[in-house]
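Numbering (the numbering used here), first residue to last: 5 to 107.
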């Protein structure tokens with residue numbers, strides 16, 4: 005796919021030059037450090053326009069959230085209603101978060 009992008013668009017942007025690794029969920033992802041750096045930059049750009057905006061990094065791990073956004077998405081009351089309750093319970097069982105009672 006990268007060779008097609010190069011043919012159509014010219015030189016690849018910096019992130020597309022880095023390798024992808026299979027994550028625990030089976031999806032291909034950039035290295036966690038690179039993802040944190042990219043998300044921190046993106047969040048910073050959004051926040052310069054309006055610091056009150058709530059930004060949601062869907063499909064990202066809680067670790068990357070905390071390192072990039074400096075907050076835990078599961079503890080943000082404004083975002084809590086967006087999460088699947090099964091996910092919240094699973095994290096509660098693991099001792100990561102305590103938003104919902106474990107059934």
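All residues carry an ideal CB built from backbone N, CA and C; glycine is no exception. Just so we're clear, the structure is a prediction, and the values are computed from it rather than from any experiment.
Closest in alpha carbon position to residue 25, among 59, 38, 13, 51, is 38.
With contacts defined by Cβ atoms closer than 8 Å, residue 43 and residue 68 form a contacting pair.
The C-alpha of residue 8 is placed about 30 Å away from the C-alpha of residue 60. In the DSSP assignment, residue 52 falls within the alpha helix (DSSP H) that extends over 36-53.
Looking from the CA of residue 23, the closest CA among 64, 11, 34 belongs to 34. Note on geometry: alpha-carbon atoms of residue 10 and residue 81 lie some 42 Å from one another.
If you ignore the 5 residues before and after residue 40, its C-beta comes within less than 6 Å of the C-beta of 68, 71, 72, all in its own chain and listed in chain order.
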